[in-house]
Amino acid sequence: MGMSLRRSISLDVSRVSGVRGLFNYNLSCCVNALLQSFSATTELFDLLNRWQPSAESECPHNIPLQLKRALHAMRDPQQPAPHCDFLDCLHYNYILRYIEHDADEVFHAILNLIQQQMSDLSLAAEIKNLYKITMEGQIHCLECAYVHCVSTFFLSLPLHVSEDKNTLEDCIRSFFAVQKLENSEKFFCDRCEEKKPTAQGFKIVSLPSILCIHLKRFRSRSGFARKLFCEVTFPESFNMADILKEEKSTQEMLVRSYNLFAVIVHSGVTFGHYTAYIRSMQDQMWYFTNDSQVYPASWKEVQQTYGGLGYNTAYMLLYRTVGTETEQGSSS
Ligand SMILES: [Zn+2]
């Protein structure tokens, strides 16, 4: 296929889907894949649009400002390099060029930099709340029955992947399963005033509109990272209440259906390449983005990133609650 033909096909695809390719500058595939997911998160785009940056944040090194501009430029087919300034800005903020990054780390870094650098604090908090999974950590002393509670939150749900076949539902259940900590893992109980065996677990306090799930496929052992290619199946939509059985008051809060709209894919072993599957808000179809290239895809192709035999494995999953999509109706 000639370059000009390929370019015209890709322009047609981006007109129909609203998804456009991003050139790979200095190993930017990780940021490119994340930008595709941010662009598909119209809730984030809308919040950034409500922000009127003050003069002091009008600087080329301000992450929320450059992200806002990049997401705008990505919507303009005439812009050849919509993300160049954002990549420069990341580099200035120590997310360096020419380095292979971990997508979940960069995702957190960008959200944290938005919190630090956005002049409108209430909008910054709204952006955080978009992703914020609030939980209560409970540490139950098995000796005196005292329950220590710690409030905590996650911006992405970090799920352990076992070296076997996994389902997303099982991974979520095991994250919330109560764990007994004994022997060397004993916890200091304030009431007993010494280390005692405990049972620990997390309880969900609130769920966000955008649920980001991080499949922990990298395991580090004595300084070396190893990637797990094991199968993790995941559904196109699910309801947390069907996965976690809680007491009635909590159960009602868990009744939230989530629909998958972005999958960040890691290919290769430790050094690798990032791509993304994006479900277009315009036509509700799946698209595969590999840096500059955008192709129509199908749910069957997305499912090939489950792992097991495949070289390309889903690494981050982004779900949104049903009813928060800005374009309703034509869901397939
Ligand atoms: Zn105790």
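Residues in the sequence shown are numbered consecutively from 1, following full-length UniProt numbering. Even glycine gets a Cβ: it sits at the ideal position worked out from N, Cα and C. As the structure is a prediction and not an experimental result, all values here were calculated from the model.
(1) Grab me the residues of Ala-33's own chain with a C-beta within less than 8 Å of its C-beta, minus the 5 sequence neighbours each way, in chain order.
(2) Does any heavy atom of ligand 3 sit closer than 7 Å to the C-beta of Lys-245?
(3) DSSP three-state label for Glu-327, please.
(4) Okay, do the region 65 to 82 and the region 305 to 325 touch, 3+ Cβ pairs below 8 Å being the bar?
(5) Please go through the same chain and pick out, in chain order, the residues whose beta-carbon is closer than 8 Å to the beta-carbon of Met-135, but skip the five residues on each side of it.
(6) Give a yes or no on whether the C-beta atoms belonging to Gln-115 and Lys-128 are separated by under 8 Å.
(7) Between the alpha carbons of Lys-180 and Asp-12, how many angstroms are there, rounded?
(8) Work out the CA separation of Ala-124 and Ser-39 for me, nearest whole Å.
(9) Considering only heavy atoms of ligand 1, does any lie closer than 7 Å to the CB of Arg-191?
(10) Taking Cβ to Cβ, would you say Val-161 is nearer than 8 Å to Val-269?
(11) Along the chain, where does the beta strand (DSSP E) that runs through Trp-286 open and close?
(12) For Lys-186, which of helix, strand or coil comes out of DSSP?
(13) Cα separation between Thr-326 and Glu-182?
(14) Tell me the rounded alpha-carbon separation between His-61 and Tyr-92.
(15) With a 10 Å radius around its C-beta and 16 neighbouring C-beta atoms as the bar for buried, classify Gln-36 as buried or exposed.
(16) For the 8 Å Cβ check, are there 3 or more pairs between the region 234 to 243 and the region 156 to 171?
(17) Is any heavy atom in ligand 1 found nearer than 7 Å to the beta carbon of Glu-143?
(18) Alpha carbon to alpha carbon, what distance is there between Cys-29 and Ser-332?
(19) Give the secondary structure of Ser-162 by DSSP, where H, G and I count as helix, E and B as strand, and everything else as coil.
(20) By DSSP, does Tyr-25 sit in helix, in strand, or in coil?
(21) Would you mind giving the Cβ-Cβ distance between Leu-130 and Leu-44, rounded to the nearest angstrom? I have them listed as a contact below 8 Å.
(22) Tyr-258: buried (16+ other C-beta within 10 angstroms of its C-beta) or exposed?
(23) Within a Cβ cutoff of 7 Å, which residues of the same chain sit near Val-302, ignoring the five residues on either side of it in sequence?
(24) How many Å lie between Gln-328 and Ser-280 at the Cα?
(25) Closest by CA to Lys-227, which one among Lys-186, Val-255, Glu-126 and Tyr-311?
(26) Quick one: is the Cβ of Lys-196 within less than 7 Å of any heavy atom of ligand 1?
The relevant details are as follows:
(1) On the sequence shown, residue 33 is found 33 positions in, with the first residue counted as 1. Cβ neighbours of Ala-33 within its own chain (closer than 8 Å, five residues either side excluded): Ala-103, Ile-264, Val-265, Tyr-274, Thr-275, Ala-276 and Thr-289.
(2) Here the bound small molecules are ligand 1; ligand 3 is not part of this structure.
(3) Residue numbering aside, residue 327 sits at position 327 when the sequence shown is read from its first letter. Note that Glu-327 scores a pLDDT of 39, beneath 50, so its modelled location is shaky and nothing firm can be said.
(4) By the criterion of at least three beta-carbon pairs nearer than 8 Å, the region 65 to 82 is not in contact with the region 305 to 325.
(5) Translated into the one-based positions of the sequence shown, residue 135 becomes position 135. Within the same chain, Ser-151, Thr-152, Phe-153, Phe-154, Phe-202, Lys-203, Ile-204 and Val-205 come within 8 Å of Met-135 by CB-CB distance, once the 5 residues on both sides are set aside.
(6) Residue numbering aside, residue 115 sits at position 115 when the sequence shown is read from its first letter. Residue numbering aside, residue 128 sits at position 128 when the sequence shown is read from its first letter. A contact, by the Cβ cut-off of 8 Å.
(7) To locate residue 180, count along the sequence shown from 1; it is residue 180. To locate residue 12, count along the sequence shown from 1; it is residue 12. Going from the Cα of Lys-180 to the Cα of Asp-12 covers about 56 Å.
(8) By 1-based counting over the sequence shown, the position of residue 39 is 39. By 1-based counting over the sequence shown, the position of residue 124 is 124. Approximately 17 Å between the Cα atoms of the pair.
(9) Indexing the sequence shown from 1 puts residue 191 at position 191. It does: the Cβ of Arg-191 is within 7 Å (strictly closer) of some heavy atom of ligand 1.
(10) Taking the first residue of the sequence shown as 1, we reach residue 161 at position 161. Taking the first residue of the sequence shown as 1, we reach residue 269 at position 269. Contact flag unset, no.
(11) Stepping through the sequence shown from its first residue, residue 286 is reached at position 286. Looking at the DSSP string, the run of the beta strand (DSSP E) that includes Trp-286 is 286 to 290.
(12) Taking the first residue of the sequence shown as 1, we reach residue 186 at position 186. In the structure shown, Lys-186 sits in coil (DSSP, three-state: anything other than H, G, I, E or B).
(13) As a first step, residue 326 must be located in the sequence shown, where it is residue number 326. As a first step, residue 182 must be located in the sequence shown, where it is residue number 182. Any answer about Thr-326 is weak, because its pLDDT of 42 lies below 50 and its placement is not dependable; what the coordinates show is given next. So the two alpha carbons sit approximately 49 Å from each other.
(14) Taking the sequence shown and counting its residues from 1, the one referred to as residue 61 is at position 61. Taking the sequence shown and counting its residues from 1, the one referred to as residue 92 is at position 92. Counting only the Cα atoms, Tyr-92 lies some 6 Å from His-61.
(15) Taking the sequence shown and counting its residues from 1, the one referred to as residue 36 is at position 36. Buried.
(16) They touch, by the three-pair rule.
(17) Taking the sequence shown and counting its residues from 1, one reaches residue 143 at position 143. At least one heavy atom of ligand 1 is nearer than 7 Å to the Cβ of Glu-143, so yes.
(18) Along the sequence shown, one-based indexing puts residue 332 at 332. Along the sequence shown, one-based indexing puts residue 29 at 29. Residue placement at Ser-332 is flagged as unreliable, the pLDDT there being 36, under the threshold of 50; the coordinate-derived value follows with that caveat. Each residue's alpha carbon lies about 29 Å from the other.
(19) Sequence index remark: in the sequence shown, residue 162 carries index 162 (1-based). Reduced to three states, the DSSP call for Ser-162 is coil.
(20) One-based indexing of the sequence shown puts residue 25 at position 25. Correct three-state label for Tyr-25: coil.
(21) If you number the sequence shown from 1, residue 130 lands on position 130. If you number the sequence shown from 1, residue 44 lands on position 44. About 6 Å separates the two Cβ atoms, so the contact holds.
(22) The sequence position of residue 258 within the sequence shown is 258, counting from 1. Tyr-258 comes out buried.
(23) The count along the sequence shown starts at 1 and reaches residue 302 at position 302. Within the same chain, Val-302 has close Cβ partners Val-263, Tyr-277 and Trp-286.
(24) Locating residue 328 in the sequence shown gives position 328, where the first residue counts as 1. Locating residue 280 in the sequence shown gives position 280, where the first residue counts as 1. Caution is warranted here: a pLDDT of 40 is assigned to Gln-328, below 50, making its placement in the model unreliable, and no coordinate value can be reported.
(25) By one-based count along the sequence shown, residue 227 stands at place 227. Closest in alpha carbon position to Lys-227, among Lys-186, Val-255, Glu-126 and Tyr-311, is Tyr-311.
(26) Translated into positions along the sequence shown, residue 196 becomes position 196. True, at least one ligand heavy atom lies under 7 Å from that Cβ.
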